[in-house]
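The block underneath contains the structure these notes are about, expressed in structure tokens.
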Amino acid sequence: MKEIVVTEACPSGFIKIMDEWKKVKGEEEIIVRTPWGGMVEDLQNWCKETGNVFLGYEKKDNEVIIRLKLIGR
Numbered sequence: 001m002k003e004i005v006v007t008e009a010c011p012s013g014f015i016k017i018m019d020e021w022k023k024v025k026g027e028e029e030i031i032v033r034t035p036w037g038g039m040v041e042d043l044q045n046w047c048k049e050t051g052n053v054f055l056g057y058e059k060k061d062n063e064v065i066i067r068l069k070l071i072g073r
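First residue of the sequence shown: 1, per the working numbering; consecutive thereafter.
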């Protein structure tokens, strides 16, 4: 499972995720680790708009761990 660490504010996090999405053939689960809690809602909306799947998230210490299923285009 691919892991993406996002320490910078938007849009760099989305750029990393989009770059990974472009590479996907079929389906791939990824984990996004970030200190930015706002990415949860942003990624939920992004998944709805793009047909990807938001699998959930958890908060651990000062980090949010978000699970996504990317669907190849």
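Glycine included, each C-beta is placed from N, C-alpha and C at the ideal position.
Item: Of the listed residues T7, D42, E8 and G51, nearest to L70 (C-alpha basis); Value: G51
Item: The beta strand (DSSP E) enclosing G56, as first and last residue numbers; Value: V53 to K60
Item: Host beta strand (DSSP E) of K2 (start-end); Value: K2 to V5
Item: Inter-residue spacing [alpha-carbon to alpha-carbon] between M1 and F54; Value: 15 Å
Item: Whole-angstrom C-beta distance between I65 and I31, which should lie under 8 Å; Value: 6 Å
Item: Contact between the region 57-64 and the region 20-30 (3+ Cβ pairs under 8 Å); Value: no
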